[in-house]
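Going by this note's numbering, the sequence shown opens with residue 15, and the numbers climb by one from there.
Take a look at the structure set out below.
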Amino acid sequence: MKKILESFLVVSLFVCCMAQAEAQTDPMAQAKAFYIQQHYWQAIQECGEVINKNSGNSDILSEANYFTGASYANLFDFLTAKKNFATIVEKYKGTKYYEDAYMGLGDVELFGENLYEALKVYTGFYITNPSKKRLATLYFRLSEVNLKLGNKTEYKKYLQKLQSEFPLSFEARDSMRLSGHDVYYTCQVGAFTNYDNAEKFIAGLKIKGYEVYSVLCMLSDKKLCRVRIGKFKTLAEAESLKQKLEKDGYLVKIFP
Numbered sequence: 015m016k017k018i019l020e021s022f023l024v025v026s027l028f029v030c031c032m033a034q035a036e037a038q039t040d041p042m043a044q045a046k047a048f049y050i051q052q053h054y055w056q057a058i059q060e061c062g063e064v065i066n067k068n069s070g071n072s073d074i075l076s077e078a079n080y081f082t083g084a085s086y087a088n089l090f091d092f093l094t095a096k097k098n099f100a101t102i103v104e105k106y107k108g109t110k111y112y113e114d115a116y117m118g119l120g121d122v123e124l125f126g127e128n129l130y131e132a133l134k135v136y137t138g139f140y141i142t143n144p145s146k147k148r149l150a151t152l153y154f155r156l157s158e159v160n161l162k163l164g165n166k167t168e169y170k171k172y173l174q175k176l177q178s179e180f181p182l183s184f185e186a187r188d189s190m191r192l193s194g195h196d197v198y199y200t201c202q203v204g205a206f207t208n209y210d211n212a213e214k215f216i217a218g219l220k221i222k223g224y225e226v227y228s229v230l231c232m233l234s235d236k237k238l239c240r241v242r243i244g245k246f247k248t249l250a251e252a253e254s255l256k257q258k259l260e261k262d263g264y265l266v267k268i269f270p
């Protein structure tokens with residue numbers, strides 16, 4: 015696990031340096047640099063300028079809308095993120111960020127616990143015959159959402175597809191937690207785009223005495239990692255932890 019975290023650190027630092035170095039030539043370079051640095055409001059503002067200056071370029075508009083949506087998702091503004099991802103899905107099919115945006119659209123519905131809408135989006139994406147590199151994540155999401163909705167047959171169908179077609183994937187390993195699934199409550203305290211940032215955040219939580227329950231990764235290869243604390247059988251227990259975390263300055267949302 016440590017080696018994996020270190021590899022993400024090297025890659026993220028390299029990408030960050032490249033994005034900054036290309037800021038004079040790539041219209042999206044500055045926005046991506048802000049995004050990598052977790053300066054999400056600055057990234058959103060920069061993307062807005064790019065959109066205004068490139069009204070006829072579908073590829074750039076797709077990319078700018080994607081990073082705008084991903085920034086809003088990191089800020090827990092799922093409604094606005096949904097609008098940006100939906101724009102790509104509706105207007106920019108075939109562009110580089112089309113499939114990421116389709117996954118992102120389902121993910122923000124899932125983040126907001128809009129399970130029926132999430133299932134509708136994921137199913138819609140599935141019937142478009144997505145590229146193989148998206149399927150492992152998509153199978154996991156379809157399995158997870160169907161399980162939460164009590165659709166056991168569909169849950170098993172997509173779980174079997176995941177485990178048979180992508181047995182060595184991260185998603186296949188993570189799917190083990192779906193077995194014997196019970197309803198419980200947990201507090202989400204952060205969302206990050208790489209393991210290194212998540213690890214630093216987790217270290218800060220541990221210093222304050224909090225024990226991280228899980229780190230869940232979404233948004234395909236963009237890796238939006240959700241950090242959660244606690245696993246409670248009752249909502250009251252989760253609410254108690256939420257109040258404590260908020261006093262320590264964390265933005266918290268409870269998820270079943």
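Built from N, CA and C at the ideal position, the CB exists for glycine as well.
- Contact annotation, residue 269 with residue 127: C-beta distance approximately 7 Å; criterion of less than 8 Å satisfied.
- In this structure, residue 90 sits away from residue 61, with a CB-CB distance that is not shorter than 8 Å.
- A Cβ-Cβ separation of about 4 Å places residue 54 in contact with residue 85 under the 8 Å criterion.
- Taking the Cβ atoms as the reference, residue 115 lies roughly 7 Å from residue 83, within the contact range of under 8 Å.
- For residue 98, the closest C-alpha among the options 110, 118, 109 is that of 118.
- The Cβ-Cβ distance between residue 87 and residue 135 does not fall below 8 Å.
- Here DSSP, grouped into helix, strand and coil, assigns residue 241 to strand.
- In this structure the segment 216 to 226 does not lie against the segment 160 to 177, because fewer than three pairs of beta carbons, one per stretch, are closer than 8 Å.
- For residue 202, the enclosing beta strand (DSSP E) stretches over residues 199 to 206.
- Remark: three or more beta-carbon pairs, one from each stretch, lie closer than 8 Å, so the segment 134 to 154 and the segment 176 to 190 are flagged as touching.
- According to DSSP, residue pairing for residue 226 in a beta bridge involves 243.
- For residue 267, the enclosing beta strand (DSSP E) begins and ends at 267 to 269.
- At a Cβ-Cβ threshold of 8 Å, residue 49 and residue 76 do not count as neighbours.
- Residue environment for residue 255: buried (at least 16 other C-beta atoms within 10 angstroms of its C-beta).
- Assigned with DSSP and collapsed to three states, residue 52 falls in coil, not helix or strand.
- A direct Cα-to-Cα measurement between residue 259 and residue 69 gives close to 43 Å.
- Check the Cα spacing between residue 94 and each of 241, 58, 140, 172: the tightest is with 58.
- DSSP places residue 141 in the coil class of the three-state scheme, outside both helix and strand.
- Look at residue 156 here: in three-state DSSP terms it is helix.
- The continuous alpha helix (DSSP H) containing residue 72 extends over residues 72 to 88.
- Here residue 189 carries a helix assignment [DSSP, helix/strand/coil].
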